[in-house]
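Have a look at the structure below, then the notes.
Numbering (the numbering used here), first residue to last: 34 to 137.
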């Protein structure tokens, strides 16, 4: 391997990344189940702390994809889009609309 092949970071293994994100989504759902009853409703702990922090990480990951999109397979791109659709639906079920504009 030449220097040029080692200077380029490895492509993400999209199926592995999405599998890990799915596991983390399950953990977020469990956090919802434990955190929401533990705090007074006026704190809106899930909507104001947990969900925004989680969504920030998801958005950061998705924001990196355009840099490598040219090198991803069509199947990987479709898998990411399908995962995001499922993610948005799960978040909505938890009371968070990730498609909405953030509050000012």
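Idealized CB from N, CA, C, for every residue including glycine.
All values reported here derive from a predicted model rather than from experimental measurement.
Minimum C-alpha distance to residue i - residue among the options
i, options, result
"residue 88", "52, 117, 75 and 67", "117"
"residue 47", "72, 97 and 66", "97"
"residue 57", "69, 129, 120 and 131", "120"
"residue 60", "92, 103, 107 and 127", "127"
"residue 55", "124, 130 and 132", "124"
Start-to-end residues for the alpha helix (DSSP H) that takes in residue i
i, result
"residue 50", "47-71"
"residue 91", "84-101"
Residue i burial status per 10 Å Cβ neighbour count (16 or more: buried)
i, result
"residue 51", "buried"
Minimum Cβ-Cβ distance from residue i to chain B less than 9 Å
i, result
"residue 73", "In the structure shown, chain B cannot be found, because there is only a single protein chain."
Local conformation of residue i per DSSP, three classes
i, result
"residue 129", "coil"
Proximity test, residue i beta-carbon vs the ligand COA heavy atom, cut-off 8 Å
i, result
"residue 108", "Within the structure as shown, the ligand COA is missing, as the structure has no ligands at all."
Assess contact between the stretch 71-81 and the stretch 99-113, defined as three or more Cβ pairs (one per stretch) separated by less than 8 Å. Is contact present? no
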